[in-house]
Every structure is written in C-alpha cells, then in structure tokens.
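Participant: Dumping the structure here so I can ask a few things about it.
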Amino acid sequence: MRGAQVARLRAVPAGLSDALDVVAGFDDALTDGFGRIGDRGAAALAGLADALAGTPLAGPVTAAVDAVTAGSIAPEHLAALAGARSALLGAAHDALLGQLDEALGRTRSPWTTPTTGSGEAPLALAGARAWWHEVAVTGWRGVDHEVLSAAAGVVEASLAVPELRRIAVLLDGLAAELRACVPVATMAEVPARRWADLWARGVLLTQGAPSTGEASTVSGRLLPLGVDVHSHDTAVQVQVHAVLEPADGGPALLVRTAVAAAKVDTIVGPAIWRLLSGHPLLLTALAERRALAVTDLPLRGGDLGWVDDRVQLDEPADPFATARVLLPAASAAATDPLDRHPTGIAEPVLVEGAAIRDEDGTLAVEVDGERVALAVDRLPAAGPLTADLVAAASACLGLMRWDDDRWLLQPLAVRAGVKRRTVQAHNGDWACGVTDPKVAKEEARAGDAVAVLRERAGRLLRR
Amino acid sequence: MTNADGAGWRRRSVVAVVPPARPRKLAKVPFVELADGRLQGVVSSGSDVERVYVSSVTAGTHGYQCSTNNNRPCGGLRGMPCKHLHALADEAVLQYGVDRVARYLRVDIGDGLADGSELLARLDGQPEPASAAVVFSRFLRHLSYLELPVSTVVLPELHWFPATGAGR
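Protein chains in written order, with my numbering: chain L, -3 to 459; chain F, 13 to 180.
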C-alpha cells in the first residue's frame, strides 16, 4: 500500500454519516428498550423507516415501527427492525469496501452463491428467538440476573446443536459482557452500537437454520499471508488470510479459511493453539511459514472450508513475498450478504518502506507522508507481536479494518530492526509451541491449562 | 478498541467491554467465577485427587462457605475462612485483578491489597449455608466446553471479539 492509496481513504463515502446517525438513534432506543418507547425513540425508529423507504423492506419496517410505537411487538416486527438496521450497515460495508478496493486496485467478484431457504428449524432456535425478543423489550438497561440466567439456558441448548454454533458463540460472548456490566442501568455509557450489532445479528441468525448455500470446490496451492486470532471467554477462532493459486491455472484468489474451538476463560495466550491441535497441518504451515497443497476444498465466496485430510504441506513460502508478488493481482470475492457489516472488513495489505509514528501514545504507520492508525490492541497474546515490536517495524503485513469512523491497520506480521538485526514476526509463529525462550519459560511455569482442565473433566464429568 | 473506561463506546463496534482473564496456574483452583452474587469456585483437594471443595464468598454480606462437592462441610472451617477459601481468593485476585474482585464483593480496599488473603482479612462475614451443588454443576458445565464436538462452521461474529495482548 502506497501513500497515494492511503490518501484515497480519507474521503467519507456519500451517505455514510447519515446512515450511521440513523443507526445510532435506533441503538439508543434499543438501549432503553422497545417496551417503553419514548418520543425520542419513536422519532429514531421513524427515521429508520424513512431510511428504508423505497426498498423492499419499506413495508415490513413501517409496520414494525408502528407496532413498536403502539406498544405491541410481534416477533416478525423485531425481525424487520433487525433486518433494516443490518441493511443500513450492509450498505455502509459495501461503500467502505468499495472505497478500499478502488484505492488498492483490488478486483472483487460479485456474490453469486445462491442462498438456499432455511431448512427445518431446530427447537433450540425458538428459545434463542424468544431471548432476543425479551432483551429488545427490556432494553440493555433492563438486563438483570434473570435475563442472564435465561441466556445461559439458551446457550447450553444451542451449543448442543452443531448447526447453531454461530448463535451459541455470539450469545455466549454477549452474555459474558452483560454479566460483567449488570446492573446495566448504572453504567455511565452503554456500548450501544456494539450490543445492537450483536442483537441484530442474533435476531437474523434465529430466523431459520443458517443457509449453507452451494459451495464450489477448488484445488491448488495455498500461500498464507497471515493469521487473525479471535476469542472471547468460551470460543477461539483463527482465520488465515491467504492467496490461492488454482491448479487449473486460473487467476490467483484472495481467500480466508478458519478453524475454531470451544474454550474456557482461563485458557488464554499461547495455550489457545493447543485447543486447535486437531488441525496439525494448518498449525505447522503457520509456524513454519509454509504453503499448502489443497485438493477439492469447498469455496463459498472468499471463505475456503478447511478439511484436514484434503491438505498437504508444501514448500516454505515467505508471507511478505506472497504479499508483494501475488497479493496485488489476486482477485477477492464478495461477502455473504448476511455477513456484511463494517466490522467484518478485514482486507490484507502490505505496507513497506514505512515509518511508525507515535502520536501521544497512539501508533500510526506513515508511508509517503500519509498515515493510518495501527490497531495495536488487536495483537494477540498468542503470538510474538507486541506494540514495541510494531513500533520498530519497517514493513507491516496486516488487515485494513474500519471502526469508530476511521480506517485502521491491524498488524498480522512485521519486519523490524531489533538489535541491528532484521527480524520477522508473525501472529502464527507460536502455533506449534512458543519459540521465544522468555515467554516459553513463563508458559512452563504456569503449567498446561488445557491438560489440567481435561484431567479434571475426565475425573469429574462422567460420574 | 478502547480502554474499559466507557468513554466513546457508544458508536464503536469493537470494544473490550470485559478484560479477559489473566493467566494463572489452574492445578490447585481449577475454577473461579464472579457470578450469582458470589465469588465462588472449586478447589482441588490436596490429599485426594477424586475430591474437590466448593468455596464461596457472598457479595455484600461477606458470608462464606466451604464444603466438598458432596455437601460435606469442610473440616478447616472453624469460625474463620479455611485454606480453600484463601486459595480461592488468591486465585480470584490473580485472574480478575484485586480491584474487580473487591468491587464485586463490595469490599473497601482503601490503599490497596497484596493478595486474596489480605482481601479475606478485610471481610467481616460469618459462615453461612450455600449450595455446593449449584456451583459444582456450573463447574461441570464449564468443563464441558472442552468436550464439545468440533464444529467447522465459520464464525463471522467473532470479528467483534478480537484476541488482544491482555495478560501478556
């Protein structure tokens, strides 16, 4: 990424601020609860209906706003409201990603995977739907221990159904935050945008079993660019961004593939890799910076499904070289319409010849005089990247993110000068074990959390 | 993300609302939580690998309890907190930080505390009945996460939950 490209991200896409204002009004109304909507809340919801006028959602949203204002909310009304909010943020996603693609010169194929209708709805889904309904009526400020213990029941029931894993993981993450914030009514400021994001997604996910759609299959050479680590108390996911060179000689594709595991809150830092030991080739490819030969993996949009026995280790491949040589021409794919939200934007970029600037404790990368803030709070403890290392970087391979009305660069790997030597550090370096002697020693002293808990589970669970 | 001070939260999607647990050794106290209005957890017996103690301190009243998972009262509880309660408090402070534990229990820590035992010394509660079964079943549920069947479903919602450097 060059300075001229960064400069093209400065303009705010047309209509974005207005859309986000409408969203903010909705989010405040949800914070107070749809069960006791005041004049301001009613005005905010009317604004949402106005914003959707002329779209296929106009009718259902107007009906929903009328119902909420009149104090009689049915499940389909909440679905319409969640859909409307998601449509606005989906449009924001499209505008922002379009801006980034244009700046980077990245081509993106349109979404073609047909969305199949929802199959039969598992019983647990009804419970989840009822919970999202209840919190919408109560509002975040009305959340109490009773609401939270209901959430625990929904999480347990959804976890038991593998197709509902998305709902379970989403709700478990949100419930932990609510639990730590109860009583929410006394909070100075509620994370209204964030919780409404999760609420809207939760409502949409409970409209039916998530559609899987038809996936095509693809074979070729997979060259990892970097790995993004996600986690909350009870889940961890590593998402590898990579360039796929199809075996049929087609153009290179920008893809991502993810594996996840359930965990508990006390498993943190490098220990998370041990939960993913069922995917040894992926971990080895990350730790040894190697390419993978993949055969007939399902591809949905840009999401490559990971299947362990259809993958083989290939030659070493330097992610910086992949980013320099293959990334500029790689073709990206559109996101599943349901998943379109600015938070989901995570586009790999390489910044070289950069200087890291410290502006009052906030790091930014500067290239050709143009700056992008660095998301140093997204450096996982599971890997070797630290703010200090990033501050010494001369090159950074990362993901472009958008939040809080600005673009950010989340480092996945850096090349940095340390003690007059040039070193590379990647998020996935410790996937097969910590390679930093100092951190490894601390890890050894703390003991193997996963092993301790598995021993306890083995002894106590089946009695 | 922002610091957990709440400022500027309203219009951000990615915010670290709850700091993640800090790493600690789990062998002695495999489970600690601030839930149901109590600091509660499970402490492994030092002598019998099959036995665990369930210990808890109630927020506000500071009443405390310790018993085996079969509801047999702890022998060490003679009018003052036993060693299991001390271990629980120490590990809670490691996991959550002393401020969060004290705030939850509603203890005035004044000029600060070194560890969980000092925290216990500031409580003026009495032994009180509490159900070990509830806490123990929460512990079993906690452990059951590690036994969940693997799912290959992609979880796009986890983009709201980035891993951080906390606890490094």
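Don't be surprised by glycine CBs; every beta carbon is placed ideally from N, CA and C. Quick caveat, the model's predicted, so the values are computed rather than measured.
Return no unless some Cβ of chain L is closer than 8 Å to the Cβ of F/Leu160.
Facilitator: Along the second sequence, one-based indexing puts residue 160 of chain F at 148. Yes, its Cβ sits closer than 8 Å to a Cβ of chain L.
Participant: 8 Å is my cut-off, CB to CB: does L/Trp127 come that close to chain F?
Facilitator: The residue labelled residue 127 of chain L in the question sits at position 131 within the first sequence. Output row for L/Trp127: interface = no.
Participant: Going by DSSP, what residue range makes up the beta strand (DSSP E) through L/Ala360?
Facilitator: Stepping through the first sequence from its first residue, residue 360 of chain L is reached at position 364. That run of the beta strand (DSSP E) goes 358 to 363.
Participant: Helix or strand or just coil, what does DSSP make of L/Trp195?
Facilitator: Working through the first sequence from its first residue, we reach residue 195 of chain L at position 199. Helix, per DSSP.
Participant: Residues bridged to F/Glu45 by DSSP?
Facilitator: Residue 45 of chain F sits at position 33 when you count from the first residue of the second sequence. F/Gln52, per the DSSP bridge assignment.
Participant: Quick check on L/Ile268: does DSSP put it in helix, strand or coil?
Facilitator: The residue given as residue 268 of chain L occupies position 272 in the first sequence. Three-state result, L/Ile268: helix.
Participant: Closest to L/Gly429 by CA distance: which of L/Ala287, L/Leu457, L/Gly298, L/Leu282 is it?
Facilitator: Position 433 of the first sequence, counted from the start, is the residue given in the question as residue 429 of chain L. Of the candidates L/Ala287, L/Leu457, L/Gly298, L/Leu282, the one whose C-alpha sits nearest the C-alpha of L/Gly429 is L/Leu282.
Participant: I'd like the list of long-range same chain contacts for L/Gly55, defined as Cβ closer than 7 Å, with 5 residues on each side in sequence excluded.
Facilitator: Mapped onto the first sequence, residue 55 of chain L falls at position 59. Excluding residues within five positions, none has a Cβ falling inside 7 Å.
Participant: Quick check on the burial criterion: 16 or more other C-beta atoms within 10 angstroms. Buried or exposed for L/Ser227?
Facilitator: Counting from 1 along the first sequence, the entry for residue 227 of chain L is found at position 231. Label assigned to L/Ser227: buried.
Participant: Can you give, in chain order, each stretch of the beta strand (DSSP E) that sits fully within the stretch 20 to 85 of chain L and has at least 3 residues?
Facilitator: Within the stretch 20 to 85 of chain L, no complete beta strand (DSSP E) run reaches 3 residues.
Participant: Starting from L/Ile341, follow the alpha helix (DSSP H) in both directions and report where the run begins and ends.
Facilitator: Against the first sequence, residue 341 of chain L aligns to sequence position 345. Unbroken run through L/Ile341: none, as it is neither H nor E.
Participant: Alpha carbon to alpha carbon, what distance is there between L/Ala39 and L/Leu300?
Facilitator: Start at 1 with the first residue of the first sequence, and residue 300 of chain L comes out as number 304. Start at 1 with the first residue of the first sequence, and residue 39 of chain L comes out as number 43. In a straight line, the C-alpha of L/Leu300 is about 43 Å away from that of L/Ala39.
Participant: List the residues of chain F whose Cβ lies closer than 8 Å to the Cβ of L/Asp335, in chain order.
Facilitator: Taking the first sequence and counting its residues from 1, one reaches residue 335 of chain L at position 339. Neighbours of L/Asp335 on chain F, chain order: Pro168.
Participant: Between L/Pro9 and chain F, is any beta-carbon pair separated by less than 8 Å?
Facilitator: The count along the first sequence starts at 1 and reaches residue 9 of chain L at position 13. Answer no: the Cβ-Cβ gap between L/Pro9 and chain F never drops below 8 Å.
Participant: According to the Cβ coordinates, are L/Ala389 and L/Arg411 closer than 8 Å?
Facilitator: Residue numbering aside, residue 389 of chain L sits at position 393 when the first sequence is read from its first letter. Residue numbering aside, residue 411 of chain L sits at position 415 when the first sequence is read from its first letter. Contact flag set, yes.
Participant: Hey, is the stretch 338 to 356 of chain L in contact with the stretch 263 to 280 of chain L, meaning 3+ C-beta pairs nearer than 8 Å?
Facilitator: Result no; under three Cβ-Cβ pairs closer than 8 Å.
Participant: Below 6 Å CB to CB, which residues in the same chain sit around F/Val44 once its five sequence neighbours on both sides are set aside?
Facilitator: Position 32 of the second sequence, counted from the start, is the residue given in the question as residue 44 of chain F. Closer than 6 Å at the Cβ level, and outside the excluded window around F/Val44, lie Gly53, Glu103, Ala104, Gln107.
Participant: Counting Cβ pairs closer than 8 Å, one from the stretch 56 to 69 of chain L and one from the stretch 17 to 34 of chain L, do we hit at least three?
Facilitator: Flag = yes, the stretch 56 to 69 of chain L and the stretch 17 to 34 of chain L touch.
Participant: How would you label L/Arg452, buried or exposed, when you count the other beta carbons within 10 angstroms and need 16 or more for buried?
Facilitator: Stepping through the first sequence from its first residue, residue 452 of chain L is reached at position 456. Under this definition L/Arg452 is a buried residue.
Participant: Taking only beta-carbon positions, decide if L/Arg320 is within less than 8 Å of chain F.
Facilitator: Here residue 320 of chain L corresponds to residue number 324 of the first sequence, with the count starting at 1. It does not: the Cβ of L/Arg320 has no partner Cβ on chain F nearer than 8 Å.
Participant: Which of the three DSSP states, helix, strand or coil, is assigned to L/Gly204?
Facilitator: Walking along the first sequence from the start, residue 204 of chain L turns up at place 208. Reduced to three states, the DSSP call for L/Gly204 is coil.
Participant: Would you call the stretch 434 to 453 of chain L and the stretch 254 to 263 of chain L in contact, with 3 or more CB pairs under 8 Å?
Facilitator: The stretch 434 to 453 of chain L, when compared against the stretch 254 to 263 of chain L, does touch it at the 8 Å Cβ threshold.
Participant: Could you list which residues in chain F have their beta carbon closer than 7 Å to that of L/Leu375, in chain order?
Facilitator: Indexing the first sequence from 1 puts residue 375 of chain L at position 379. What L/Leu375 touches in chain F: Gly177.
Participant: Alpha carbons only, please: which of L/Gly297, L/Leu240, L/Asp193 is nearest the one belonging to L/Gly79?
Facilitator: On the first sequence, position 83 is the one that residue 79 of chain L refers to. Ranking the options by Cα distance to L/Gly79, first place goes to L/Asp193.
Participant: With a threshold of 8 Å between beta carbons, is L/Leu166 in contact with chain F?
Facilitator: By 1-based counting over the first sequence, the position of residue 166 of chain L is 170. It does: the Cβ of L/Leu166 has a partner Cβ on chain F nearer than 8 Å.
Participant: Within 10 Å of its beta-carbon, does L/Asp305 have 16 or more other beta-carbons around it, so buried, or fewer, so exposed?
Facilitator: Within the first sequence, the letter at position 309 stands for residue 305 of chain L. When all chains shown are included, L/Asp305 counts as exposed.
Participant: Taking only the alpha-carbon atoms, compute the straight-line gap between L/Gly222 and L/Ser145 and give it to the nearest angstrom.
Facilitator: For the purposes of this step, residue 222 of chain L is taken as the residue at position 226 of the first sequence. For the purposes of this step, residue 145 of chain L is taken as the residue at position 149 of the first sequence. Roughly 38 Å separates the two Cα atoms.
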